[in-house]
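*Asks:*
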Amino acid sequence: MKKLISLLLMVALLISTAGIVSAEGKTVVYWTMWESTEPQGKVLKQAAEAYEASSGNKVDLQFKGRTGMREGLQPALDAGTTIDVFDEDLDRVNNTWRAYTRDLEELAAAANYEETSNAGLMAAAREAAGGTLKSIPYQPFVFAFFYNAAIFEECGIAEVPATWDELLAACELIKAKGYVPITSDDAYIITNFGYHLARLIGEEGVRRVVDNGEWAEEPAVLTAAKAYEDLAKKGYLSPTIGSAVWPSNQNGELAFGEAAIYLNGSWLPNEVKDMTGPDFRWGCFSYPSVENGINGVEASNFGAQVLAINKDSAVAQETFDLIQVITKGEFDALLSKESIGIPADSSNTEWPPMLSAVKNVMDSLATRFSWAAGIENNVNMTPYIKQAFQQLCGGQITAVQFVETLETASK
Amino acid sequence: MKQNKTMVVAFLAPAVIFFCLIFIYPIIRTIAMSLFSVENVTSPIRDWTFTGVKNYITLAQTSLFWQSMWNIFRIWAAGGIVVMALALLFAVILNSGIRFKRFFRAVMYAPNIVSAVALATMWLQYVFANRWGMLTNFFSWVGLEELAATQWTASGNKFWAMTFAYCFGMVGYHMLIFSSGIEKIPQEYYEASAIDGAGRVAQFRRITFPMLKGVIKTNITMWTITSVGFFIWSQLFSTVTTDLDTITPMVYMYLQVFSAGNAVTAREAGLGAAVGVTLGLCVVLVFVVTNLLIHNDELEY
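Protein sequences, first through last, are from chains A and B. The first sequence lines up with residues 1069 to 1479 when you count with my numbering. The second sequence lines up with residues 378 to 678 when you count with my numbering.
1. Sorted by chain position, which residues of the same chain lie with C-beta nearer than 7 Å to Gly-1246/A's C-beta, five sequence neighbours on each side aside?
2. On the three-state DSSP scale, how would you describe Phe-505/B?
3. Could you name the residues of chain A that Gln-528/B contacts, counting a contact when the two beta carbons are closer than 9 Å?
4. Assuming the contact rule is C-beta atoms closer than 8 Å, Met-485/B and Val-548/B should be a hit. Round their C-beta distance to whole Å, please.
5. List, in order along the chain, the chain A residues whose C-beta lies closer than 9 Å to that of Arg-748/B?
6. Any C-beta of chain B sitting closer than 8 Å to the C-beta of Trp-1335/A?
7. Which of the residues in the region 410-421 of chain B, read from start to end, lie with their CB under 7 Å from any CB of chain A?
8. Using the Cβ count rule (16 or more neighbours within 10 Å means buried), how would you classify Thr-1169/A?
9. DSSP beta-bridge partners for Ser-414/B?
10. Do Trp-1350/A and Met-1430/A count as a contact pair if the criterion is CB distance below 8 Å?
11. Pull up the distance between the alpha-carbon of Phe-1213/A and that of Ser-1368/A, whole angstroms please.
12. Taking the DSSP output, what are the residues bridged to Tyr-1206/A?
13. Is there a Cβ from chain B that is less than 8 Å from the Cβ of Leu-1474/A?
14. What is the rounded straight-line gap between the Cα of Ser-1090/A and the Cα of Lys-1132/A?
15. Of the residues Ser-1306/A, Gly-1198/A and Ala-1266/A, which one's Cα is nearest the Cα of Trp-1439/A?
16. Identify the residues that DSSP records as bridge partners of Ala-1212/A: which are they?
17. For a contact defined as C-beta to C-beta under 8 Å, what are the partners of Gln-502/B on chain A?
18. Just confirm the distance between the C-beta atoms of Ile-1377/A and Ala-1384/A, as a whole number of angstroms; I'd bet it's less than 8 Å.
19. Please go through the same chain and pick out, in chain order, the residues whose beta-carbon is closer than 7 Å to the beta-carbon of Tyr-629/B, but skip the five residues on each side of it.
20. Do we get a CB-CB distance below 8 Å when we pair Asn-507/B with the residues of chain A?
21. Output yes if chain A places a C-beta closer than 8 Å to the C-beta of Thr-618/B; else output no.
22. Report yes if the CB atom of Ile-1443/A is closer than 8 Å to the CB atom of Val-1313/A, and no otherwise.
23. Looking only at its chain, what residues have a beta carbon closer than 7 Å to the beta carbon of Ala-390/B, apart from the 5 residues adjacent to it on each side?
24. In terms of residues, what are the limits of the beta strand (DSSP E) holding Trp-1099/A?
25. Out of Asp-1128/A, Glu-1221/A, Leu-1172/A and Thr-1135/A, which has the shortest C-alpha to C-alpha gap to Lys-1379/A?
26. Measuring only the C-alpha atoms, how far is Glu-645/B from Asp-1157/A?
27. Under 8 Å by Cβ, that's how I've got Ile-470/B and Lys-594/B pegged, so tell me the actual separation to the nearest angstrom.
28. Please work out which residues of its chain come closer than 7 Å, Cβ to Cβ, to Phe-481/B, disregarding the five sequence neighbours upstream and downstream, and give them in chain order.
29. Measure from the alpha carbon of Met-539/B to the alpha carbon of each residue in Ile-405/B, Ala-409/B and Leu-621/B, then state which is nearest.
30. Can you give me, in chain order, the residues of the region 648-668 of chain B that have a beta carbon less than 8 Å from any beta carbon in chain A?
31. If you reduce the DSSP assignment to three classes, tell me which class Gly-1262/A lands in.
32. Could you tell me the distance, in whole angstroms, from the CA atom of Ser-1407/A to the CA atom of Ala-409/B?
33. Hey, which unbroken runs of the alpha helix (DSSP H) at 4 residues or more fall wholly within the region 1347-1413 of chain A?
34. Return the chain-ordered list of same chain residues with a C-beta closer than 8 Å to the C-beta of Asn-1428/A, the five sequence neighbours on each side being excluded.
35. Measuring only between beta-carbons, confirm whether Ala-1091/A sits less than 8 Å from chain B.
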């Protein structure tokens, strides 16, 4: 009798479970790099709920955070965990995890997806994936000099610097008014050197120097180092630029209106908005061109987070529909508004006021650098470059010593 | 009582199986991986390429790895001496009959129940900050302007700033271990020595210290294990990109296994495994040397 009851209960359980599955439709499992408490995480949750309501499908949205994705995604995929869609940086997804992603050309074409997408970002996604579309960009960003427009106005700087000489002239005016012209923190400081070197010899040249240890052999290294030695000597760099641990200077002297310029990504206004308040007026300009350089303000690092569909996903179409909800129309606009980010949908023409100055820079870019123009490409060298550059900017070593230090470290 | 071998096996099997799966298998896999070129920790074995001891040779030829080893050695040695000395001192004071013993013990242990992230943020944003940091304000207040102007997190200073902040939090933990050791020493020894005229210092030298040999060994081993795993403080004192002052072998291993911060760099899990094996050998070496130098089986009480 007991066995019979057990059997009946089991059958009832199976029937009820099957009923739930059919009633709730399919499930899309989404691993995201955002935390649930971040503006991006909150908007993604709303987008997932909207998709659930309209489709009858379920979204299993899992907030993994940056390190959670970096450390856990690939092992989980290798272990066969059901993950239909995941997001991370454009380069990481398309390089490191490309083998796990599905080709999206057909799905995108069928949905006429590119009618309202950012052509530059779609091209970047294709290029990073080796010529085909394997991810959909959202949350675009651009890396450039961000500045306090009120300080520029007070100093009478009407035009943003487009050349290195113009930047020096602007710094002089800013310094004369008692402000710190340029600041940075340890997390971003070497991007300054990367961009300067890339202006002179391009990203490929930077990678050659960094990977092959051609610090002394490549004369542009000394030229770039002398430019920053000059900035330090003239007092255009923050006195704490050599020691500031992120985010002390971005949250401190920049946000409090004591420093004018900071080389960073377009996420900066969002990161410091609690310190600056809503009335802070942001300006933005691309890293200036330099004398005898091979590229100019049209080249910078721009990119996005991207969404990629697992090649083994059994619900690819449903997942692509979810991606469209996130990256198009209402929720793309909401994501832009809440995270003070750039919209991915080209029909969302209204940018957050804090990023209005970024639009011109974004539109003017024609050449894409990878992160920091390749200066952080060699993990065995990055700490040496960082320390030497901090010392150079802090006035502790000369440009010649900077080159010698890195030449020695690379051998 | 008759032994039921089946029952013994049945009860032991789950523990043995889990022990093998969770401890033995990863150790063997890591040692094996260190002899191969492997891109990712979960890459299937068919994708591994045997390279012999090449990963170890690469490590030996990489100055950044040696820098990380030098940093961890300094944290272990210099930090260890300070932490052990203070922990022992506080443990002795706490067990010397002072009032509010439990309160002071709780205060000293408190940093251990606070997240390392919160502690590091406190040190960076409050103590070491150049603008309004406690040290800057204090030295300005006492008129030592040169010291007040010190950039505590500049290269060269950052290592010691980080080590000091880390050690501050570790004293309470090791003090507790010492304290439990002292509490086990029979009070009669102290009473007898006091009758014989021994003072506090003599009691410490002749009774407490010799009878704490086993606890000292435990503390050194625990300190070595936690030092080898030094990672979070390093990450917090150099967010996104690591630097020469803060890099430790664990951070170096992380860079190799999971790629760098914002830049997408090449991964080499085999090299990371070689770092792990090297660190494991360091712990074993310290354990062996400690056992050779400190004999605690001479005394029974």
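C-beta: ideal position from N, C-alpha, C; glycine also.
*Replies:* According to the structure data:
1. Locating residue 1246/A in the first sequence gives position 178, counting from the first residue. Closer than 7 Å at Cβ, skipping near neighbours: no residue.
2. Walking along the second sequence from the start, residue 505/B turns up at place 128. Of the three classes helix, strand and coil, the one that applies to Phe-505/B here is coil, per DSSP.
3. In the second sequence, the residue the question calls residue 528/B occupies position 151. Near Gln-528/B (Cβ distances below 9 Å), the residues of chain A are Pro-1307, Thr-1308, Gly-1310, Ser-1311, Ala-1312 and Gly-1462.
4. In the second sequence, residue 485/B corresponds to position 108, counting from 1. In the second sequence, residue 548/B corresponds to position 171, counting from 1. With a Cβ gap of about 7 Å, Met-485/B and Val-548/B count as contacting.
5. With chain B covering only 378 through 678, there is no way to say anything about residue 748/B.
6. Stepping through the first sequence from its first residue, residue 1335/A is reached at position 267. Not closer than 8 Å to any Cβ of chain B, the Cβ of Trp-1335/A fails to qualify, so no.
7. Of all residues in the region 410-421 of chain B, Asn-417, Val-418 and Thr-419 have a Cβ within less than 7 Å of some Cβ in chain A.
8. Taking the first residue of the first sequence as 1, we reach residue 1169/A at position 101. Counting of Cβ neighbours within 10 angstroms places Thr-1169/A among the buried residues, the total reaching 16 or more.
9. Your numbering for residue 414/B matches position 37 in the second sequence. For Ser-414/B, which the question treats as bridged, DSSP gives the partners Thr-426/B.
10. Reading the first sequence from its first residue, position 362 is the one you call residue 1430/A. Reading the first sequence from its first residue, position 282 is the one you call residue 1350/A. Contact: no.
11. One-based indexing of the first sequence puts residue 1213/A at position 145. One-based indexing of the first sequence puts residue 1368/A at position 300. In a straight line, the C-alpha of Phe-1213/A is about 11 Å away from that of Ser-1368/A.
12. Locating residue 1206/A in the first sequence gives position 138, where the first residue counts as 1. Per DSSP, Gln-1373/A.
13. Working through the first sequence from its first residue, we reach residue 1474/A at position 406. For Leu-1474/A, the answer is no, since every Cβ of chain B falls outside 8 Å of its Cβ.
14. As a working note, residue 1090/A is residue 22 in the first sequence. As a working note, residue 1132/A is residue 64 in the first sequence. Any answer about Ser-1090/A is weak, because its pLDDT of 44 lies below 50 and its placement is not dependable; what the coordinates show is given next. Using only the alpha carbons, I get a separation of about 28 Å.
15. As a working mapping, residue 1439/A is identified with position 371 in the first sequence. It is Ala-1266/A whose Cα lies nearest to the Cα of Trp-1439/A.
16. The sequence position of residue 1212/A within the first sequence is 144, counting from 1. Asn-1332/A.
17. If you number the second sequence from 1, residue 502/B lands on position 125. Ordered by position in chain A, the residues that pass the 8 Å Cβ test against Gln-502/B are Ser-1316.
18. As a working note, residue 1377/A is residue 309 in the first sequence. As a working note, residue 1384/A is residue 316 in the first sequence. That belief holds up - the Cβ atoms of Ile-1377/A and Ala-1384/A are roughly 6 Å apart, short of 8 Å.
19. Your numbering for residue 629/B matches position 252 in the second sequence. Within its own chain, the residues whose Cβ lies closer than 7 Å to the Cβ of Tyr-629/B, once the five positions on either side in sequence are excluded, are Leu-441, Phe-442, Ser-445 and Val-652, listed in chain order.
20. Position 130 of the second sequence, counted from the first residue, corresponds to residue 507/B. Answer yes: the Cβ-Cβ gap between Asn-507/B and chain A drops below 8 Å somewhere.
21. For this step, residue 618/B is matched to residue 241 along the second sequence. Chain A contact via Cβ: present.
22. Within the first sequence, the letter at position 375 stands for residue 1443/A. Within the first sequence, the letter at position 245 stands for residue 1313/A. With respect to the 8 Å criterion, Ile-1443/A and Val-1313/A are not classified as neighbours on the basis of their beta carbons.
23. The residue given as residue 390/B occupies position 13 in the second sequence. Excluding sequence neighbours, Ala-390/B sits near nothing in its chain.
24. For this step, residue 1099/A is matched to residue 31 along the first sequence. For Trp-1099/A, the enclosing beta strand (DSSP E) starts and ends at 1095-1100.
25. As a working mapping, residue 1379/A is identified with position 311 in the first sequence. Nearest C-alpha to Lys-1379/A: Leu-1172/A.
26. As a position in the second sequence, residue 645/B is number 268, starting the count at 1. As a position in the first sequence, residue 1157/A is number 89, starting the count at 1. Each residue's alpha carbon lies about 20 Å from the other.
27. On the second sequence, position 93 is the one that residue 470/B refers to. On the second sequence, position 217 is the one that residue 594/B refers to. The pair is not a contact, with the Cβ atoms about 22 Å apart (cut-off 8 Å).
28. Working through the second sequence from its first residue, we reach residue 481/B at position 104. Excluding the 5 residues flanking it on each side, Phe-481/B has same chain C-beta neighbours closer than 7 Å at Leu-471, in chain order.
29. Working through the second sequence from its first residue, we reach residue 539/B at position 162. Taking each of Ile-405/B, Ala-409/B and Leu-621/B in turn and checking the Cα distance to Met-539/B, the smallest one comes out for Leu-621/B.
30. The region 648-668 of chain B vs chain A, Cβ under 8 Å: nothing.
31. Counting from one through the first sequence, the residue named residue 1262/A turns up at place 194. Shown here, Gly-1262/A sits in a helix according to DSSP, grouped into three states.
32. Reading the first sequence from its first residue, position 339 is the one you call residue 1407/A. Reading the second sequence from its first residue, position 32 is the one you call residue 409/B. About 45 Å.
33. Unbroken alpha helix (DSSP H) stretches of 4 residues or longer found wholly inside the region 1347-1413 of chain A: 1384-1395 and 1397-1407, given in chain order.
34. Residue 1428/A sits at position 360 when you count from the first residue of the first sequence. These residues qualify, in order along the chain: Cys-1352.
35. Counting from 1 along the first sequence, the entry for residue 1091/A is found at position 23. With a pLDDT of only 47 at Ala-1091/A, under 50, the local geometry of the prediction cannot be trusted, and no value is derived from it.
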